[in-house]
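Numbered continuously in this note's numbering, the sequence shown closes out at residue 222.
Each remark here refers to the structure printed beneath this line.
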Amino acid sequence: MARRPVRVSLDEALWDAVEAAARARGIAPYLFVEEALKAALGPSETVARLAELADAAAASAREAQVSAAEMRDQIQVISDFIVDLYRAEAQASDHAGQV
124 MARRPVRVSL DEALWDAVEA AARARGIAPY LFVEEALKAA LGPSETVARL
174 AELADAAAAS AREAQVSAAE MRDQIQVISD FIVDLYRAEA QASDHAGQV
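Set out below in structure tokens:
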């Protein structure tokens with residue numbers, strides 16, 4: 124992940140709280156702020172990823188339905204051919220028996 128230095132203005136009391144919390148954890152205040160932002164934004168990233176996965180699953184389901192319909196059509200064509208073939212053979216044997 125690319126890092127970009129940014130500057131933000133914070134209320135002095137908030138920054139004092141950030142510094143105190145960071146000192147208590149033994150980390151730099153900017154790392155504390157970064158961790159807090161990641162923790163706050165993490166759930167929204169997870170929801171976005173789940174939405175992407177749901178869209179992909181829906182697309183796969185649509186493709187599967189199209190494929191199933193095509194396969195059903197192909198099976199119908201093959202079964203119609205087989206039925207027609209048996210009918211033709213039956214008619215040919217009936218015709219040969221009558222001659």
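We put the CB at the ideal spot given by N, CA and C, even for glycine.
- In the three-state scheme derived from DSSP, where H, G and I count as helix and E and B as strand, Ala213 is classed as helix.
- Judged by DSSP in its simplified three-state form, Leu154 adopts helix.
- The three-state reading of DSSP puts Ala171 in helix, counting H, G and I together.
- Following the DSSP letters along the chain, one finds Leu137 inside the alpha helix (DSSP H) bounded by residues 135-148.
- The C-beta separation of Phe155 from Ala144 comes to about 6 Å, placing the pair in contact by the 8 Å criterion.
- Linking Ala192 to Ala174 through their CA atoms gives a straight-line distance of about 27 Å.
- Each residue's CA atom was taken as its position, placing Ala151 and Ser167 some 26 Å apart.
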